[in-house]
Amino acid sequence: MDTKKQAVKVIKLLKKEYPKAKIALKSVTPMQLLVAVILSAQCTDKQVNKVTASLFKKYKTPKDFANANLNTFKQEIRSTGFYNNKAKNIIASAKTIQKNFDGKVPDNMEDLLKLHGVARKTANVVISAIYHKNLGVCCDTHVCRLSQRWSLTKNKDPVKIEQDLMSIIPKKDWEKFSLMTIKHGRQVCYARKPNCAGCFLNKICPKNGVNTAAGNRTRIASSLL
Numbered sequence: 009m010d011t012k013k014q015a016v017k018v019i020k021l022l023k024k025e026y027p028k029a030k031i032a033l034k035s036v037t038p039m040q041l042l043v044a045v046i047l048s049a050q051c052t053d054k055q056v057n058k059v060t061a062s063l064f065k066k067y068k069t070p071k072d073f074a075n076a077n078l079n080t081f082k083q084e085i086r087s088t089g090f091y092n093n094k095a096k097n098i099i100a101s102a103k104t105i106q107k108n109f110d111g112k113v114p115d116n117m118e119d120l121l122k123l124h125g126v127a128r129k130t131a132n133v134v135i136s137a138i139y140h141k142n143l144g145v146c147c148d149t150h151v152c153r154l155s156q157r158w159s160l161t162k163n164k165d166p167v168k169i170e171q172d173l174m175s176i177i178p179k180k181d182w183e184k185f186s187l188m189t190i191k192h193g194r195q196v197c198y199a200r201k202p203n204c205a206g207c208f209l210n211k212i213c214p215k216n217g218v219n220t221a222a223g224n225r226t227r228i229a230s231s232l233l
């Protein structure tokens, strides 16, 4: 299969179905978005937004988060899961931003990856949503799963999947592709029982892994932060 041609078909239909796809996480400041993305690991955006509704009234800037009491902060984000590591990473990242980046969330991949708990997924979201730069494709669990099903990649590692997608998707569509694919993964192309019959991509989708137990239980590498 010609993956570039397949990507063109998929993107065309995604744009038609989800013309207004946007990030679901709510935030006001750059630091709040960074925190929200870190909290979203292994947690739904709905739950993150529920937690941050009150959290972000108290914490707004890197300085606010850097000065947070660790034990108190853990309890404030407890319901997002993995709160011990998330709390440590968020506070440590805030301190690094304060110390090394003049209190401003970095706008480039190299510096963002220096922050605790930040890998390419988180960095891509921050760079595209805050600074409106397309430096990569945000590969969360939905993007990884659907890219495999659509035959846009044969890889399972998020970093390699991102490299594959960047080579076949026009740069101007990188952010939009991620947002639309995430929306489709949540609404139609579920991990275990995808709604193929009701999917507008049904006729062009190879459905890789859909009809096998192993495929339905695929676990993307855990380094998706």
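Heads up: the sequence shown begins at 9 in the numbering used here, then just goes up one per residue.
Just so it is clear, CB atoms sit at the ideal spot from N, CA and C, and this is done for glycine as well.
In this text the structure is predicted, and so the values were computed from the model without any measurement.
>> Just to confirm the assignment, what range does the alpha helix (DSSP H) spanning lysine 107 have?
In response: Start and end: 91 to 108.
> How many Å lie between alanine 61 and alanine 100 at the Cα?
Replying inline: In a straight line, the C-alpha of alanine 61 is about 22 Å away from that of alanine 100.
> For valine 36, is the classification buried or exposed, using 16 other Cβ atoms within 10 angstroms of its Cβ as the cut-off for buried?
Replying inline: Burial call: exposed.
>> In whole angstroms, give me the CA-to-CA distance for cysteine 51 and glycine 144.
In response: A direct Cα-to-Cα measurement between cysteine 51 and glycine 144 gives close to 23 Å.
> Whole-angstrom Cβ separation of lysine 82 and asparagine 92, contact assumed at under 8 Å?
Replying inline: In this structure lysine 82 touches asparagine 92 by the C-beta definition: roughly 6 Å separates them, less than 8 Å.
> Exposed or buried, what is alanine 74 when buried is set at 16 or more other beta-carbons lying within 10 Å of its beta-carbon?
Replying inline: Here alanine 74 is buried: its Cβ has 16 or more other Cβ atoms, across all protein chains shown, within 10 Å.
> Apart from the five residues just before and just after leucine 78, which ones in its own chain have a Cβ nearer than 8 Å to its Cβ?
Replying inline: Answer for leucine 78: Ala95, Lys96 and Ile99, listed in chain order.
>> Need the endpoints of the alpha helix (DSSP H) that serine 136 sits in, please.
In response: Residues 128 to 139.
> To the nearest whole angstrom, what separates the beta carbons of serine 7 and proline 214, a pair I think is in contact under 8 Å?
Replying inline: As displayed, the chain neither begins before 9 nor continues past 233, which places residue 7 out of reach and without an answer.
>> Can you list, in chain order, the residues of its chain with a C-beta nearer than 6 Å to that of lysine 68? Leave out the 5 residues immediately preceding and following it.
In response: Once the five neighbours on either side are set aside, the close Cβ partners of lysine 68 are Thr37.
>> For leucine 41 and leucine 33, which I take to be in contact (beta-carbon distance under 8 Å), what is that distance rounded to the nearest angstrom?
In response: Going by Cβ atoms, the distance from leucine 41 to leucine 33 rounds to 7 Å, so yes, they are a contact pair.
> Considering only residues of the same chain and omitting the five flanking positions on each side of asparagine 132, which have a CB-CB separation below 6 Å?
Replying inline: For asparagine 132, where only same-chain residues beyond five positions count, the Cβ hits under 6 Å are Gly144 and Cys146.
> With a CB to CB cut of under 7 Å and the five nearest residues on each side skipped, what residues in its chain are close to isoleucine 169?
Replying inline: Cβ neighbours of isoleucine 169 beyond the five flanking positions: Cys147, Cys152, Ser155, Thr161 and Asn163.
>> By the three-class DSSP mapping on this structure, what secondary structure does histidine 124 have?
In response: DSSP places histidine 124 in coil when its eight states are reduced to three.
>> Give me, in chain order, the residues of the same chain whose beta-carbon lies closer than 7 Å to that of alanine 222; leave out the 5 immediate sequence neighbours on both sides.
In response: With a pLDDT of 42 at alanine 222, under the threshold of 50, the modelled position of this residue cannot be trusted; read the value that follows with caution. Annotation for alanine 222: no residue places its beta carbon closer than 7 Å to its own, counting only its chain and skipping 5 residues before and after.
>> Considering Cα atoms alone, identify which of Leu123, Gly125 and Pro114 is closest to asparagine 139.
In response: A small correction: the amino acid at residue 139 is tyrosine; asparagine does not occupy that position in the sequence shown. Of the candidates Leu123, Gly125 and Pro114, Pro114 places its Cα closest to the Cα of tyrosine 139.
> CB valine 30 to CB leucine 187, shorter than 8 Å?
Replying inline: The question names valine, yet the displayed sequence has lysine at residue 30. Cβ distance < 8 Å, so lysine 30 and leucine 187 count as in contact.
> Do you know how far the Cα of phenylalanine 109 is from the Cα of histidine 150?
Replying inline: If you take the alpha carbons of histidine 150 and phenylalanine 109, they lie about 32 Å apart.
>> Looking only at its chain, what residues have a beta carbon closer than 7 Å to the beta carbon of valine 43, apart from the 5 residues adjacent to it on each side?
In response: For valine 43, same chain residues with a beta-carbon under 7 Å away, outside a window of 5 residues either side, are Phe73 and Ile98 in chain order.
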